[in-house]
Amino acid sequence: MKSTTELPHPDRAALEIGAVLFALSDPERRELVRELRDGPQDAANCMAIDPALPKSTKSHLMKVLRESGVIRNEPNGRNRRLTLRDADLESRFPGLLDAVLGPR
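Per UniProt numbering, numbering of the sequence shown is gapless, rising by one per residue and ending at 104.
Laid out in structure tokens, this is it:
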């Protein structure tokens with residue numbers, strides 16, 4: 001059985017406003033983040049990601065969000081679990097998610 005690889009995530013202190021704003025600038029990435037505000041999702045079942053998108057595009061959307069520190073993308077069995085890093089973002093940039101995404 002193939003194991004799922006742990007991916008690198010920036011520490012809270014390493015989050016940069018420019019990278020976070022860039023990650024949130026794309027409408028599809030913003031929609032994914034909006035969905036994750038309601039709780040973690042399995043990457044394969046995430047309704048915010050258009051199933052018609054090529055796998056490489058989906059992977060890139062998640063990579064940009066992960067590398068900027070907006071989400072965690074962690075192994076979950078044979079799938080991957082996506083989690084919004086809202087506490088980290090709120091600690092570093094208070095009010096940013098509400099300003100960009102609108103209030104919950």
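Even for Gly, the Cβ is constructed at its ideal location relative to N, Cα and C.
If you keep only unbroken beta strand (DSSP E) runs of at least 3 residues inside the UniProt domain "HTH arsR-type" (9-104), you get 71-76, 79-84. A direct Cα-Cα distance of roughly 7 angstroms separates R104 from D98. In this model, K58 and I49 are separated by some 7 angstroms (Cα to Cα). In the assembly as shown, S91 is an exposed residue. Its beta-carbon has fewer than 16 other beta-carbons within 10 Å.
Of N76, E67, A87, the smallest CA-CA separation from R37 is found for A87. Within the same chain, R30, V100 come within 6 angstroms of L24 by CB-CB distance, once the 5 residues on both sides are set aside. Pairing S56 with A19 gives a Cβ-Cβ distance that is not under 8 angstroms. E35 and F22 have their alpha carbons spaced roughly 18 angstroms apart.
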